[in-house]
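Visitor: Pasting a structure here, questions to come.
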Amino acid sequence: MKVNIGSIRELRGSSVRFQGEQAIESLNEVEELGLKLNGPARIEGKVTNTGEGFLVEANLSFTYEANCSRCLEPFQTTQNLQIKEEFVPNYNQVEDDSVFTFQGDIIDLEDCINEQVILALPMKFLCDADCRGICPMCGINLNQRQCECTVQDIDPRLEKLRSLLPTEGGGSNGKPNK
Ligand SMILES: [Zn+2]
Ligand SMILES: [Zn+2]
Numbered sequence: 000m001k002v003n004i005g006s007i008r009e010l011r012g013s014s015v016r017f018q019g020e021q022a023i024e025s026l027n028e029v030e031e032l033g034l035k036l037n038g039p040a041r042i043e044g045k046v047t048n049t050g051e052g053f054l055v056e057a058n059l060s061f062t063y064e065a066n067c068s069r070c071l072e073p074f075q076t077t078q079n080l081q082i083k084e085e086f087v088p089n090y091n092q093v094e095d096d097s098v099f100t101f102q103g104d105i106i107d108l109e110d111c112i113n114e115q116v117i118l119a120l121p122m123k124f125l126c127d128a129d130c131r132g133i134c135p136m137c138g139i140n141l142n143q144r145q146c147e148c149t150v151q152d153i154d155p156r157l158e159k160l161r162s163l164l165p166t167e168g169g170g171s172n173g174k175p176n177k
């Protein structure tokens, strides 16, 4: 995604709007996370000549597929994020690595977008913030149905009922023979 700022280069305080798409190359590096990007990121915003540089303010959105780290089911989600980054012309001889530079009239947003997308990814991929995950005992997806192993653990009435059943020891009242 490249933005031509030629029309505002000498006009401090004025802005130029832009919109477009950017392929996210940086996600290839995190493929081991099982992440699959559905098409390029979409970006829309403006660049303002601040006098010292050019301030890029934009909304970015991208859609990806991943496997939920709790229930292991694949899901798709669209993430939105905001970018606010100053670009300075590289003839200013900036030695600060933390600012982006550009040459001529063209601001290339590719590196900036790649960086922001990586930073925006969650530490854990969840199909839903309330995902109930899978039962560690029987392995069923607890979002779809409740299993009995969980009920046993939390329902005292069932616990009592179970004590009435004969156990493997074979004694009466469920108590094993000594
Ligand atoms: Zn899930
Ligand atoms: Zn279970």
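With numbering that gives the first Met the number 0, letter number 135 in the sequence shown gets 134, and the count goes up by one each step, no holes.
C-beta: ideal position from N, C-alpha, C; glycine also.
Would you report the Cα separation of Cys146 and Phe61, rounded to the nearest angstrom?
Guide: Counted from its first residue, the sequence shown places residue 146 at position 147. Counted from its first residue, the sequence shown places residue 61 at position 62. Taking the straight line joining both Cα atoms gives about 36 Å.
Visitor: Gly52 to Asn3, Cα distance in whole Å?
Guide: Residue mapping note: residue 52 aligns to position 53 of the sequence shown, counting from 1. Residue mapping note: residue 3 aligns to position 4 of the sequence shown, counting from 1. For Gly52 and Asn3, the distance between alpha carbons rounds to 14 Å.
Visitor: Would you tell me roughly how many angstroms separate the C-alpha atoms of Asp225 and Leu163, rounded to the nearest one?
Guide: Any property of residue 225 remains undetermined from this structure, which presents the chain solely from 0 to 177.
Visitor: Distance, Cα to Cα, Arg41 vs Gly19?
Guide: As a working mapping, residue 41 is identified with position 42 in the sequence shown. As a working mapping, residue 19 is identified with position 20 in the sequence shown. Roughly 6 Å separates the two Cα atoms.
Visitor: Please confirm whether any heavy atom of ligand 3 lies closer than 7 Å to the CB of Cys111.
Guide: This structure does not include ligand 3; its bound ligands are ligand 1 and ligand 2.
Visitor: Near Arg8, which residues of its chain fall below 6 Å by C-beta distance, leaving aside the five closest residues on each side in sequence?
Guide: Position 9 of the sequence shown, counted from the start, is the residue given in the question as residue 8. For Arg8, where only same-chain residues beyond five positions count, there are no Cβ hits under 6 Å.
Visitor: Within the same chain, show all residues whose beta-carbon is closer than 7 Å to that of Gln21, passing over the 5 residues directly before and after it, in chain order.
Guide: The residue labelled residue 21 in the question sits at position 22 within the sequence shown. Only Met0, Pro39, Ala40, Ile42, Leu108, Glu109, Ile112 meet the Cβ criterion.
Visitor: With a 10 Å radius around its C-beta and 16 neighbouring C-beta atoms as the bar for buried, classify Leu36 as buried or exposed.
Guide: Working through the sequence shown from its first residue, we reach residue 36 at position 37. Buried.
Visitor: If the criterion is Cβ atoms closer than 8 Å, does the pair Val15 and Lys45 meet it?
Guide: Taking the first residue of the sequence shown as position 1, residue 15 is located at position 16. Taking the first residue of the sequence shown as position 1, residue 45 is located at position 46. Yes, these two residues count as a Cβ contact at 8 Å.
Visitor: If you draw a straight line from the alpha carbon of Ser13 to that of Asp104, how long is it in whole angstroms?
Guide: Taking the first residue of the sequence shown as position 1, residue 13 is located at position 14. Taking the first residue of the sequence shown as position 1, residue 104 is located at position 105. The alpha-carbon separation between Ser13 and Asp104 amounts to approximately 15 Å.
Visitor: Answer with buried or exposed for Val116, where buried requires no fewer than 16 other C-beta atoms within 10 angstroms of its C-beta.
Guide: If you number the sequence shown from 1, residue 116 lands on position 117. With 16 or more other Cβ atoms within 10 Å, it is buried.
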